[in-house]
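Okay, so here's the structure we're looking at.
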Amino acid sequence: PKKIVIQHETKDELHKLAVTFNRMIGRLEASLEKQRQFISDASHELKTPLTVIKSYADLLLRRGIRNEEVAHDAIESIYSEATRIQKMTEKFLDLADTESGNSLETKEFNLVSFCEKICKQLQAAYKREINLHFNEAWITVIADELKLKQVIIILIDNAIKYSMDKVEVYLEDSKKLTRVTVKDYGLGIPEYEIDNIFERFYRVDKARSRETGGTGLGLSIAKNIIKQHRGEIKVKSTVGIGTEVELFLPKRNEK
Ligand code: ADP
Numbered sequence: 202p203k204k205i206v207i208q209h210e211t212k213d214e215l216h217k218l219a220v221t222f223n224r225m226i227g228r229l230e231a232s233l234e235k236q237r238q239f240i241s242d243a244s245h246e247l248k249t250p251l252t253v254i255k256s257y258a259d260l261l262l263r264r265g266i267r268n269e270e271v272a273h274d275a276i277e278s279i280y281s282e283a284t285r286i287q288k289m290t291e292k293f294l295d296l297a298d299t300e301s302g303n304s305l306e307t308k309e310f311n312l313v314s315f316c317e318k319i320c321k322q323l324q325a326a327y328k329r330e331i332n333l334h335f336n337e338a339w340i341t342v343i344a345d346e347l348k349l350k351q352v353i354i355i356l357i358d359n360a361i362k363y364s365m366d367k368v369e370v371y372l373e374d375s376k377k378l379t380r381v382t383v384k385d386y387g388l389g390i391p392e393y394e395i396d397n398i399f400e401r402f403y404r405v406d407k408a409r410s411r412e413t414g415g416t417g418l419g420l421s422i423a424k425n426i427i428k429q430h431r432g433e434i435k436v437k438s439t440v441g442i443g444t445e446v447e448l449f450l451p452k453r454n455e456k
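Using the UniProt record's numbering, you'd call the opening residue of the sequence shown number 202 and step up by one each time.
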């Protein structure tokens with residue numbers, strides 16, 4: 202039989218290919234593990250409201266029809282837990298969307314008027330003081346408007362949920378980047394928790410977050426969106442004093 206001789210260079214090439222292949226498999230495995238973890242966490246999150254709904258439905262079936270008060274309480278609880286599930290599934294979809302590699306729909310716009318509108322809407326909705334500060338009246342950014350709006354809402358929403366006082370929003374423009382800071386004078390976050398809060402479903406205080414309607418997904422979604430914009434998100438916080446979340450957006454964003 203004919204002997205196949207593998208050239209030295211070919212061996213080298215094959216070795217390189219094998220290394221690349223191994224790396225790809227490693228990445229695929231990590232991504233699959235992440236998906237598995239997500240499904241497990243998501244099911245866990247859905248389980249609690251579903252159990253509540255089921256037990257109230259059961260109560261209604263057994264006693265509710267005869268007792269108006271019981272019926273009212275049960276229906277109210279079912280409604281609020283169903284709303285919770287609805288909000289959660291919307292967040293699941295948002296998270297999937299920001300991880301899907303879907304391209305952004307970017308355009309150029311003025312960040313100042315954009316944020317003015319958002320702050321006004323949220324101030325009216327939450328009935329809380331939200332002050333907007335900016336160093337220039339016109340700050341041009343190139344971004345996906347809907348997604349950036351989503352991020353800013355997540356940050357202001359958190360600032361409102363985890364504090365009782367006013368919320369400050371600062372816009373600063375420099376040559377290289379644009380910075381958006383959302384500042385609150387609330388609970389704060391312990392330093393060792395700061396990296397964790399960007400993890401999916403992570404809440405510093407699970408009970409409090411649940412009470413305020415939190416899912417633990419907001420900051421993961423915000424981080425993904427800012428990553429898509431090639432920007433950065435940072436948190437500075439002191440327990441009992443308050444929290445500052447900073448977004449850095451690069452000036453030129455070809456994506
Ligand atoms: P959630 O929907 O629970 O607010 P997020 O992903 O937005 O989820 O935030 C994760 C956790 O980080 C929250 O549950 C909360 O414990 C903490 N956190 C986020 N923003 C703030 C803030 N401004 N002040 C204090 N804690 C915060």
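Glycine is no exception: its CB is placed at the ideal position from the N, C-alpha and C atoms.
Cβ distance (whole Å) where residue i is taken to contact residue j below 8 Å
i: Glu246; j: Phe402; result: 6 Å
i: Ile279; j: Ile254; result: 5 Å
i: Asp385; j: Tyr363; result: 7 Å
i: Glu394; j: Val405; result: 5 Å
Near ligand 1: residue i beta-carbon under 7 Å from a heavy atom
i: Arg285; result: no
i: Gly387; result: yes
i: Leu215; result: no
i: Thr439; result: no
i: Val421; result: Here residue 421 turns out to be Ser, not Val, going by the sequence shown. Ser421 Cβ: within cutoff of ligand 1.
i: residue 461; result: The question about residue 461 has no answer, for the chain in this structure spans 202 to 456.
i: Val352; result: no
i: Val381; result: no
i: Tyr371; result: no
i: Lys362; result: yes
i: Asp406; result: yes
i: Leu247; result: no
i: Tyr393; result: no
i: Tyr280; result: no
i: Ile390; result: yes
i: Asn303; result: no
i: residue 458; result: The question about residue 458 has no answer, for the chain in this structure spans 202 to 456.
i: Thr290; result: no
i: Ile398; result: yes
i: Thr299; result: no
i: Leu418; result: yes
i: Gly432; result: no
i: Ile427; result: no
i: Ser410; result: yes
CA-to-CA distance, residue j to residue i, given in whole angstroms
i: Lys456; j: His430; result: The predicted position of Lys456 is uncertain, since its pLDDT is 43 and thus under 50; a value taken from the coordinates is nonetheless stated next. Roughly 7 Å between the two C-alpha positions.
i: Leu261; j: Pro250; result: 16 Å
i: Ile205; j: Thr211; result: 12 Å
i: Asp396; j: Asn425; result: 14 Å
i: Asp242; j: Glu412; result: 19 Å
i: Val271; j: Tyr257; result: 9 Å
i: Lys428; j: Gln351; result: 14 Å
i: Asn454; j: Asn311; result: With a pLDDT of only 46 at Asn454, under 50, the local geometry of the prediction cannot be trusted, and no value is derived from it.
i: Asp259; j: Glu282; result: 15 Å
i: Ala325; j: Gly415; result: 20 Å
i: Leu233; j: Gly227; result: 10 Å
i: Cys320; j: Arg264; result: 46 Å
i: Gly389; j: Met365; result: 12 Å
i: Gly302; j: Leu229; result: 15 Å
i: Met289; j: Arg267; result: 33 Å
i: Leu218; j: His209; result: 14 Å
i: Ser244; j: Ser410; result: 18 Å
i: Gln238; j: Met225; result: 20 Å
i: Asn223; j: His216; result: 11 Å
i: Ile276; j: Leu323; result: 29 Å
i: His273; j: Lys328; result: 28 Å
Distance CB(residue i)-CB(residue j) smaller than 8 Å
i: Glu445; j: Thr379; result: no
i: Thr252; j: Ile422; result: no
i: Ile354; j: Cys316; result: no
i: Leu296; j: Leu418; result: yes
i: Gly387; j: Ala408; result: no
i: Val368; j: Ile357; result: yes
i: Ile331; j: Val313; result: no
i: Lys452; j: Lys348; result: no
i: Leu420; j: Phe449; result: no
Proximity test, residue i beta-carbon vs ligand 2 heavy atom, cut-off 7 Å
i: Ile442; result: Because ligand 2 does not appear in the structure shown, any question about it cannot be addressed here, the ligands present being ligand 1.
Given 8 Å, three or more beta-carbon pairs between the region 330-337 and the region 300-308: no
Pair every Cβ in the region 362-375 with every Cβ in the region 431-442, then say whether three or more of these pairs are closer than 8 Å. no
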